[in-house]
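Student: The structure's right below; bear with me while I get my questions together.
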Amino acid sequence: MPLFHCGSATIARLGEMQARAYRAGHIRYLRKHSVCPALSAVPPFLFRLALDVIGCKAASLRGSWSGWSQGWSQPRPSTAHVVAPAVSVVIPVSHAAPYIRECLDSVLAQTWSDLEVICVVNGSTDATRVTLEDFRIRDARVRVVAADGSGAAAARNAGMRLARGRYLWFMDGDDFCDQRLCAAAVHRVETTRADVVAFRFDERDAAGGALLATFAFPPAIQRRGALRDGAPGVGGVFCEGNFAGSVWNKRFRAAFIRQHGIHFPDTRASEDTAFAVQAIRTATRIGLVDEVMCHCRRNAADA
3 MPLFHCGSAT
13 IARLGEMQAR
23 AYRAGHIRYL
33 RKHSVCPALS
43 AVPPFLFRLA
53 LDVIGCKAAS
63 LRGSWSGWSQ
73 GWSQPRPSTA
83 HVVAPAVSVV
93 IPVSHAAPYI
103 RECLDSVLAQ
113 TWSDLEVICV
123 VNGSTDATRV
133 TLEDFRIRDA
143 RVRVVAADGS
153 GAAAARNAGM
163 RLARGRYLWF
173 MDGDDFCDQR
183 LCAAAVHRVE
193 TTRADVVAFR
203 FDERDAAGGA
213 LLATFAFPPA
223 IQRRGALRDG
233 APGVGGVFCE
243 GNFAGSVWNK
253 RFRAAFIRQH
263 GIHFPDTRAS
273 EDTAFAVQAI
283 RTATRIGLVD
293 EVMCHCRRNA
303 ADA
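Residue 305, in this note's numbering, is where the sequence shown stops; the numbers in between run on with no holes.
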């Protein structure tokens, strides 16, 4: 009699036992309790092969192969929880080829590395896309998405919808920043419970990056030192001077922005001013970092 000449019921039973044993990893158990005594003398590697043959036959009889084989013999997709980054950096990019590499280098070199970078390409026809793809390939934190060419406001809103971080950081493709900025922002938000954190900034020449001017906080804020610790009710005071009208020198708590439905209006200019002013006037607390950490290029077309 051939070694594997067993009745249909026996084959089916062995097939079920194979699945159960493989799942638990107990080949010894299966050999010991097999209903076909001849199998007890088969070496382990031949026994495993025999089980494969028997399993196929059992499947044809009971139609169970696909069910249990997928349960143990096929690689399972990872079910590990994907942790969202702490900070989402949204960068609308349009014709920024001369500047975008320095911009992204400064973001990816942050001492606080738990971040994602969402580059929203807004109708660029220069080498910007090639540079972005290079960064995307080299660093998994970089995501590149295409906008419909509607302008910076639509690009920022699109990036904000994709953002997964607890904090939002909006940056222009021609600007760059201090590598400590992200860590300072997160620390300030978490220690003061601020909705918005603002930094001092300077302006740079678009061509060579030479320093043009450095800006301090408005006098009213300087006179009221408590505001540095995130004191409540500072919106009106903060709107003095030119600190209120930009988003690139501020970081925002994402839950606060979404709770109040703050977004960039679809205007041809100053959409960042409308966003920043609404956020500042709505904020309960504003944290300040009295250091120049944002470097803004002036007269850099489109970027």
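We put the beta carbon where it would ideally sit given N, CA and C, even for glycine.
None of the values given here were measured: they were computed from a predicted structure.
If the criterion is Cβ atoms closer than 8 Å, does the pair Cys-105 and Phe-203 meet it?
Tutor: No. Outside cutoff.
Student: Report buried or exposed for Ile-288, applying the criterion of at least 16 other Cβ atoms within 10 angstroms of its Cβ.
Tutor: Its Cβ being crowded by 16 or more others within 10 Å, Ile-288 is buried.
Student: For Leu-214, collect the residues of the same chain with a Cβ closer than 8 Å to its Cβ; drop the 5 residues on either side in sequence, then sort them by chain order.
Tutor: Here the set comprises Asp-204, Glu-205, Arg-206, Asp-207, Arg-300.
Student: Would you check if the stretch 173-188 and the stretch 135-142 touch, i.e. whether three or more CB-CB distances between them fall below 8 Å?
Tutor: Verdict: no, contact absent.
Student: Going by DSSP in three states, Ser-108 sits in which element: helix, strand or coil?
Tutor: DSSP places Ser-108 in helix when its eight states are reduced to three.
Student: I need the straight-line Cα distance from Pro-87 to Asp-116, nearest angstrom please.
Tutor: Approximately 5 Å, taken between the alpha carbons.
Student: Looking only at its chain, what residues have a beta carbon closer than 6 Å to the beta carbon of Thr-133, apart from the 5 residues adjacent to it on each side?
Tutor: Excluding residues within five positions, the ones whose Cβ falls inside 6 Å are Ile-102, Arg-103.
Student: Roughly how many angstroms lie between the CA atoms of Ala-156 and Phe-172, to the nearest whole one?
Tutor: Approximately 13 Å between the Cα atoms of the pair.
Student: Kindly identify the DSSP beta-bridge partner or partners of Gly-175.
Tutor: DSSP lists no partner for Gly-175.
Student: Where Asp-268 and Gln-261 are concerned, what is the direct C-alpha to C-alpha distance, given to the nearest angstrom?
Tutor: Going from the Cα of Asp-268 to the Cα of Gln-261 covers about 20 Å.
Student: Output the distance between the C-alpha atoms of Phe-254 and Val-191, rounded to the nearest integer angstrom.
Tutor: Cα to Cα, Phe-254 sits roughly 9 Å from Val-191.
Student: Between the C-alpha atoms of Leu-16 and Tyr-169, what's the straight-line distance to the nearest angstrom?
Tutor: Its pLDDT being 48, under 50, Leu-16 is placed unreliably in this model, and the value from its coordinates should be taken loosely. In a straight line, the C-alpha of Leu-16 is about 57 Å away from that of Tyr-169.
Student: With DSSP run on the structure shown, which of helix, strand or coil describes His-297?
Tutor: Of the three classes helix, strand and coil, the one that applies to His-297 here is strand, per DSSP.
Student: Provide the residue span of the alpha helix (DSSP H) that contains Asp-274, from first to last.
Tutor: Start and end: 273-284.
Student: List the whole-angstrom C-beta distance separating Lys-252 from Val-198, where the pair is believed to meet the contact cut-off of C-beta under 8 Å.
Tutor: Yes, Lys-252 and Val-198 are in contact; Cβ-Cβ is about 6 Å, under 8 Å.
Student: My understanding is that Cys-296 touches Asp-177, with C-beta atoms under 8 Å, so please give their C-beta distance in whole angstroms.
Tutor: Indeed they touch by this definition, with Cβ atoms about 7 Å apart.
Student: My output table needs one value for Gly-289: the three-state DSSP class, helix, strand or coil.
Tutor: Gly-289 falls in the strand class under three-state DSSP.
Student: Return the chain-ordered list of same chain residues with a C-beta closer than 7 Å to the C-beta of Val-294, the five sequence neighbours on each side being excluded.
Tutor: Answer for Val-294: Arg-202, Phe-203, Asp-204, Thr-216, listed in chain order.
Student: Kindly indicate which three-state DSSP category Thr-130 falls into: helix, strand or coil?
Tutor: The answer is helix: DSSP assigns Thr-130 an H, G or I state.
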